[in-house]
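**Q**
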Amino acid sequence: MQVTETLAEGLKRQYKIAVPADYLETQVNAKLAELAKKVSVPGFRPGKVPMNLVRQRYLGSVMGEVLETTVQQTSSKAIEERGLRPAFQPKVNVESFELESGVQFTMDVEILPEITVADFATLEIERPTAPVADEDVDKGLEKLRSESRATKKVEEDRPAQAGDTVVIDFVGKDAGEPFQGGAGTDFHLTLGSGMFIPGFEDQLIGAKLGEEKVLNVTFPADYQAENLKGKAVTFDVTVKELREPEQVELTDDFAKAFGLESLDALKTAIRGQIEREYAAAGRLKAKRVLLDKLDTTHSFDVPPTLEEAEFNAIWNQFEQAKAAGENDPLLEGKSDDEVRDEYKRIANRRVRLGLLLAEIGRLHNIQIEDQELRAAIFNVARQYPGQERQVLEFFTNNQDAITQIRGPIFEDKVVDHILTTAKVTDKTVTPEELLKADAE
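For what it's worth, our numbering labels the leading residue of the sequence shown as 6, then goes sequentially.
#1: Span of the beta strand (DSSP E) holding residue 303?
#2: Looking at the secondary structure, which residues open and close the beta strand (DSSP E) in which residue 194 lies?
#3: Just the C-alpha distance for residue 246 and residue 215, rounded to the nearest angstrom, thanks.
#4: Any contact between the region 130-143 and the region 162-179? By contact I mean 3 or more CB pairs, one from each, below 8 Å.
#5: Where does residue 56 land, buried or exposed, given buried means 16+ other C-beta within 10 angstroms?
#6: Between which two residues does the alpha helix (DSSP H) carrying residue 62 extend?
#7: Pull up the DSSP beta-bridge partners for residue 240, would you.
#8: Flag this pair as yes or no: are the beta carbons of residue 306 and residue 354 separated by less than 8 Å?
#9: Going by DSSP, what residue range makes up the beta strand (DSSP E) through residue 102?
#10: Just how far apart, CA to CA, sit residue 364 and residue 224?
#11: What is the rounded straight-line gap between the Cα of residue 429 and the Cα of residue 399?
#12: Out of 244, 358 and 401, state which residue places its alpha-carbon closest to the alpha-carbon of residue 298.
#13: With a threshold of 16 other CB atoms inside 10 Å of the CB of residue 148, please say whether the residue is buried or exposed.
#14: CA-CA distance, residue 345 and residue 321?
#15: On the DSSP letters alone, give me the boundaries of the beta strand (DSSP E) that residue 133 sits inside.
#16: Name the one or two DSSP bridge partners that residue 250 has.
#17: Taking the alpha helix (DSSP H) that residue 354 belongs to, which residues open and close that run?
#18: In whole angstroms, give me the CA-to-CA distance for residue 139 and residue 145.
#19: Indicate the three-state DSSP secondary structure (helix, strand or coil) for residue 331 in the structure shown.
#20: For residue 176 and residue 218, what's the separation of their Cα atoms in angstroms?
#21: With a CB to CB cut of under 6 Å and the five nearest residues on each side skipped, what residues in its chain are close to residue 228?
#22: What do you reckon, are the CB atoms on residue 303 and residue 23 nearer than 8 Å?
#23: Quick check on DSSP: helix, strand or coil for residue 19?
#24: Applying the 10 Å Cβ sphere with the 16-neighbour rule, what's the burial state of residue 190?
#25: Considering only the alpha carbon of each residue, which of 269, 50 and 118 lies closest to residue 14?
#26: Please report the distance separating the alpha-carbon of residue 199 from that of residue 232.
#27: What separation, rounded to the nearest whole angstrom, lies between the Cα atoms of residue 92 and residue 333?
#28: Shortest alpha-carbon distance to residue 283 belongs to which of 206, 432 and 316?
#29: Alpha carbon to alpha carbon, how far is residue 330 from residue 452? Give it in angstroms, no decimals.
#30: Might you give, ordered along the chain, the residues of its own chain that have their beta carbon closer than 8 Å to the beta carbon of residue 126, omitting 5 neighbours on each side?
#31: Inspect the beta-carbon positions of residue 7 and residue 75 and report whether they are closer than 8 Å.
#32: Taking just the CA atoms, how far does residue 296 sit from residue 445?
#33: When you compare each of 87, 256 and 243 to residue 209 by their alpha carbons, which one comes out closest?
#34: Could you pull out every residue in the same chain whose Cβ sits closer than 7 Å to the Cβ of residue 255, ignoring the five residues on either side in sequence?
Put into structure tokens, the structure is as follows:
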């Protein structure tokens, strides 16, 4: 095998590889000899077919197999001998292939960059924290009470008001004709909940028990059903029952509904939940600061194909959001060219940080344990009540989905490893500052 480097530009490499005819002849003859033991040809006993007949009948298919294995093995050997770390499967172009002259092909490969990892101990990271005040716990308790609030039938003769729950029958009509999915019976609707399209609930405020009303509403332009987007329709509504909120007392019995022995125990649980929420938010912000520092302290080229693929994914999301009328306020007033440049910057950053974290994980032998992967998959499944089995089967049969879920787990493990080494100091901030979202 003769290997000649014909291109060394950045992270791109090209090699011309030549495999001599005698090697091919040896491989072809070995394949034909193996085949001769198995083939069945009329007039000959198994294993007794003359080699010249086997060669005549099967040389073409055997040469195809030999070409495939030869290219695969020699290209892998060339990569291994040169210590290359390909970012992608190499691209191979066979230029000539003859049994008498051998095979010549070119191999194009993009390699991973050489990355010198900085000393984590020199990184200084501020991690924001916020204390959990008693009023935060009280707000959490009130939220639980409002979500658990029962209703009771309105006995007095009064119209419906915001906060009431009306029990209704309704039929939606387009140009006087009922449309699919627009009807309901004994539906419980809390006025002011925003459960229905804009204008529907507002027109029921003031309605009385037994009243029949015709509501005029317009579906939003971004409504999920194509046939109803932006369409003006009517709803025939009958108010069958009127219910009002029933105050729930904050007692030990209330806490027992959540599996806790006392109201104090419930408050402790709420405080713990808020503390975990604040800790997660603080870690997320510390991670962002860490990634920013890694971004500014490490400079290296990235494989062009990786960067292009990341940019295309971001740009496709932008185009889809734009078509749906969703605009990123951070990009307002910018031309498509300016947006493109910004997204190219983001794509480059994401790829560089991804490669850097992968290299750190490799150097420190950071692995994803099976139980960590299973826990992540079960967490996804829990987001689809009643469909858990289908979700688990999807992951079992979809390696790409497994790969996607492994990525964030690996990234978090690498980040946690760095944070244990870096100089991390806690900074007290307000809960509002802590929970404020960051831009890309």
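Ideal Cβ placement from N, Cα and C applies to all residues, glycine included. All values reported here derive from a predicted model rather than from experimental measurement.
**A** Taking the geometry as given:
#1: For the purposes of this step, residue 303 is taken as residue 298 along the sequence shown, with counting starting at 1. DSSP places residue 303 in no beta strand (DSSP E); its state is neither H nor E.
#2: Within the sequence shown, numbered from 1, the residue matching residue 194 stands at position 189. Residues 182-195.
#3: Locating residue 246 in the sequence shown gives position 241, counting from the first residue. Locating residue 215 in the sequence shown gives position 210, counting from the first residue. If I take the Cα positions, the gap works out to 8 Å.
#4: The region 130-143 is not in contact with the region 162-179.
#5: Stepping through the sequence shown from its first residue, residue 56 is reached at position 51. Residue 56 is exposed by the Cβ-count criterion.
#6: The sequence position of residue 62 within the sequence shown is 57, counting from 1. Start and end: 56-86.
#7: As a first step, residue 240 must be located in the sequence shown, where it is residue number 235. Looking at the DSSP assignment, residue 240 forms a beta bridge with 177 and 220.
#8: Residue mapping note: residue 306 aligns to position 301 of the sequence shown, counting from 1. Residue mapping note: residue 354 aligns to position 349 of the sequence shown, counting from 1. No, the Cβ-Cβ distance between residue 306 and residue 354 is not below 8 Å.
#9: Taking the sequence shown and counting its residues from 1, the one referred to as residue 102 is at position 97. For residue 102, the enclosing beta strand (DSSP E) covers residues 96-103.
#10: Translated into positions along the sequence shown, residue 364 becomes position 359. Translated into positions along the sequence shown, residue 224 becomes position 219. Answer to the nearest angstrom: the Cα atoms are 51 Å apart.
#11: For the purposes of this step, residue 429 is taken as residue 424 along the sequence shown, with counting starting at 1. For the purposes of this step, residue 399 is taken as residue 394 along the sequence shown, with counting starting at 1. So the two alpha carbons sit approximately 40 Å from each other.
#12: Here residue 298 is taken as the residue at index 293 of the sequence shown, counted from 1. Comparing alpha-carbon positions, the option among 244, 358 and 401 lying closest to residue 298 turns out to be 358.
#13: To locate residue 148, count along the sequence shown from 1; it is residue 143. Its Cβ having fewer than 16 others within 10 Å, residue 148 is exposed.
#14: Numbered from 1 along the sequence shown, position 340 holds the residue referred to as residue 345. Numbered from 1 along the sequence shown, position 316 holds the residue referred to as residue 321. About 11 Å.
#15: Here the question's residue 133 lines up with position 128 in the sequence shown. Per DSSP, residue 133 belongs to the beta strand (DSSP E) from 129-134.
#16: Numbered from 1 along the sequence shown, position 245 holds the residue referred to as residue 250. According to DSSP, residue 250 bridges with 156.
#17: Residue mapping note: residue 354 aligns to position 349 of the sequence shown, counting from 1. Run containing residue 354: 341-368, per the alpha helix (DSSP H) assignment.
#18: The sequence position of residue 139 within the sequence shown is 134, counting from 1. The sequence position of residue 145 within the sequence shown is 140, counting from 1. Cα to Cα, residue 139 sits roughly 10 Å from residue 145.
#19: Here the question's residue 331 lines up with position 326 in the sequence shown. In the displayed model, residue 331 falls within coil according to three-state DSSP, outside both helix and strand.
#20: Translated into positions along the sequence shown, residue 176 becomes position 171. Translated into positions along the sequence shown, residue 218 becomes position 213. Computed Cα separation, rounded: 11 Å.
#21: Translated into the one-based positions of the sequence shown, residue 228 becomes position 223. Answer for residue 228: 234, listed in chain order.
#22: Residue numbering aside, residue 303 sits at position 298 when the sequence shown is read from its first letter. Residue numbering aside, residue 23 sits at position 18 when the sequence shown is read from its first letter. No; because the gap between Cβ atoms is not below 8 Å, this pair is not in contact.
#23: One-based indexing of the sequence shown puts residue 19 at position 14. Of the three classes helix, strand and coil, the one that applies to residue 19 here is strand, per DSSP.
#24: Here residue 190 is taken as the residue at index 185 of the sequence shown, counted from 1. Exposed, since its Cβ has fewer than 16 Cβ neighbours within 10 Å.
#25: What you label residue 14 is simply residue 9 of the sequence shown in a count that begins at 1. Looking from the CA of residue 14, the closest CA among 269, 50 and 118 belongs to 118.
#26: Residue mapping note: residue 199 aligns to position 194 of the sequence shown, counting from 1. Residue mapping note: residue 232 aligns to position 227 of the sequence shown, counting from 1. The alpha-carbon atoms of residue 199 and residue 232 are separated by roughly 22 Å.
#27: Within the sequence shown, the letter at position 87 stands for residue 92. Within the sequence shown, the letter at position 328 stands for residue 333. The straight-line gap from Cα to Cα measures roughly 32 Å.
#28: As a working note, residue 283 is residue 278 in the sequence shown. Residue nearest to residue 283 within the set 206, 432 and 316 is 432 (criterion: CA-CA distance).
#29: Limits of the chain in this structure are 6 at one end and 445 at the other, which puts residue 452 out of reach.
#30: Here residue 126 is taken as the residue at index 121 of the sequence shown, counted from 1. Taken in chain order, the residues that qualify are 426, 427 and 428.
#31: Within the sequence shown, the letter at position 2 stands for residue 7. Within the sequence shown, the letter at position 70 stands for residue 75. Their beta carbons are not under 8 Å apart, which means residue 7 does not touch residue 75 by this criterion.
#32: Within the sequence shown, the letter at position 440 stands for residue 445. Within the sequence shown, the letter at position 291 stands for residue 296. Unreliable placement is indicated for residue 445, whose pLDDT of 48 sits below 50; the coordinate value is still reported in the next sentence. Using only the alpha carbons, I get a separation of about 11 Å.
#33: Locating residue 209 in the sequence shown gives position 204, counting from the first residue. Taking only the C-alpha atoms, the option nearest residue 209 is 243.
#34: Working through the sequence shown from its first residue, we reach residue 255 at position 250. For residue 255, where only same-chain residues beyond five positions count, the Cβ hits under 7 Å are 146, 150 and 268.
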